[in-house]
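Asker:
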Amino acid sequence: MGADTGDSSYARDPAAEFKAALRGVASTVVIVTANDAERHHGMTATAFMSLSMQPPSLVVAINQSTLLHDILVSAKYFCVNILNDDQEPISNIFSDPKTVSDRFLHGAWSYNEHGVGFLTDAQASIFCMKAGAIPFGTHSLFIGMVEGVQTEGTVSPLLYHNTSYCMSLPRSARS
Ligand SMILES: Cc1cc2nc3c(=O)[nH]c(=O)nc-3n(C[C@H](O)[C@H](O)[C@H](O)COP(=O)(O)O)c2cc1C
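Residue numbers (this note's numbering): 19 to 193.
#1: Assess, as a yes-or-no matter, whether the stretch 74-91 is touched by the stretch 122-129 under the definition of 3 or more beta carbon pairs within less than 8 Å.
#2: What does the alpha-carbon distance come out to for the pair Arg57 and Gln141?
#3: Is the beta carbon of Ile80 within less than 7 Å of some heavy atom of ligand 1?
#4: Which word fits Pro153, buried or exposed, when buried means at least 16 other C-beta atoms lie within 10 angstroms of its C-beta?
#5: Tell me the residue span of the beta strand (DSSP E) that contains Pro115.
#6: Is Ile108 near Gly125, with beta carbons less than 8 Å apart?
#7: Could you please give me the residues that DSSP links to Leu159 through a beta bridge?
#8: Of the choices Gly162, His157, Arg189, Asn180, whose alpha-carbon is the least far from that of Ser143?
#9: Run through DSSP, which three-state label would Asn110 get?
#10: Looking at Pro115 and ligand 1, is the gap between the Cβ and the nearest heavy atom below 7 Å?
#11: Whose C-beta lies closer than 7 Å to the C-beta of His157 among residues of the same chain, with five residues either side of it excluded?
#12: Using a 10 Å radius around the Cβ and a threshold of 16 neighbouring Cβ atoms, would you call Cys97 buried or exposed?
#13: Answer yes or no: do Gly60 and Ile49 have a C-beta to C-beta separation smaller than 8 Å?
#14: Give the DSSP-derived three-state secondary structure of Ser92 in the structure shown.
#15: Ordered along the chain, which non-local residues of its own chain (more than five positions away) have a Cβ less than 8 Å from that of Pro188?
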């Protein structure tokens, strides 16, 4: 079955059509936290993925225009907090530019030995040592070597899909 090559099916506006295609991708919502000498900060992200098991590592893609990016450039450590499906309010707070100075007043935050904030009732908090940063386009990929994980025991992540928050449901649970 060969593809029809007579009429190009490539997008004429690849950025817009890529964005539209991404609306069909369900992503887990996380809050990435980090600190430098003066500041600690956190922001909502979905551009997160596991990278390798040997060594255990992950990647987050952070917009260079964000305050978190500024901090991550000099940070030695960061944490990826995977949100539970009832933590939509905290996701909203950590993505709102108007809440930058008081984000950590919301939620049950604690701090590890490096001073990095973690959400004690997140589904999981993954503690990383920053192993690399790769700028590309408007974003940078920050690679984290996983040093420890704290899990809450539940497996029901907050998802973002088609511009809405949602939750996962096994097909077997559907009526
Ligand atoms: C559901 C959701 C997912 C997001 N994912 C990302 C992401 O993966 N990377 C990113 O740079 N910004 C992402 N953002 C946007 C940031 O959370 C937002 O720009 C935030 O205000 C940046 O905070 P800061 O400038 O205080 O660091 C996301 C926002 C929402 C609501």
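C-beta: ideal position from N, C-alpha, C; glycine also.
Answerer: Walking through what the data contain:
#1: No contact exists between the stretch 122-129 and the stretch 74-91.
#2: Your numbering for residue 57 matches position 39 in the sequence shown. Your numbering for residue 141 matches position 123 in the sequence shown. Straight-line Cα distance between these residues: approximately 25 Å.
#3: If you number the sequence shown from 1, residue 80 lands on position 62. Yes, the beta carbon of Ile80 sits closer than 7 Å to at least one heavy atom of ligand 1.
#4: For the purposes of this step, residue 153 is taken as residue 135 along the sequence shown, with counting starting at 1. Taking all protein chains in view, the Cβ of Pro153 is surrounded by fewer than 16 other Cβ atoms within 10 Å, so the residue is classified as exposed.
#5: Within the sequence shown, numbered from 1, the residue matching residue 115 stands at position 97. Boundaries cannot be given for Pro115, as no beta strand (DSSP E) includes it and DSSP labels it neither H nor E.
#6: Here residue 108 refers to the residue found at position 90 of the sequence shown. Here residue 125 refers to the residue found at position 107 of the sequence shown. It is a contact, given that the beta carbons lie within the stated cut-off.
#7: Residue 159 sits at position 141 when you count from the first residue of the sequence shown. Leu159 pairs with Ala79, Ile152.
#8: Within the sequence shown, numbered from 1, the residue matching residue 143 stands at position 125. If we check each option's Cα against that of Ser143, Gly162 comes out closest.
#9: Your numbering for residue 110 matches position 92 in the sequence shown. Asn110 falls in the helix class under three-state DSSP.
#10: Numbered from its first residue, the sequence shown carries residue 115 at position 97. Within the cutoff, so yes.
#11: By 1-based counting over the sequence shown, the position of residue 157 is 139. Excluding sequence neighbours, His157 sits near Ala79, Ile80, Asn81, Gln82.
#12: Taking the sequence shown and counting its residues from 1, one reaches residue 97 at position 79. With a 10 Å radius around the Cβ and a threshold of 16 neighbouring Cβ atoms, Cys97 comes out buried.
#13: For this step, residue 60 is matched to residue 42 along the sequence shown. For this step, residue 49 is matched to residue 31 along the sequence shown. Yes. Within cutoff.
#14: Along the sequence shown, one-based indexing puts residue 92 at 74. Residue state, collapsed to three classes: helix.
#15: Along the sequence shown, read from residue 1 onward, the residue named residue 188 stands at position 170. Around Pro188: no qualifying Cβ.
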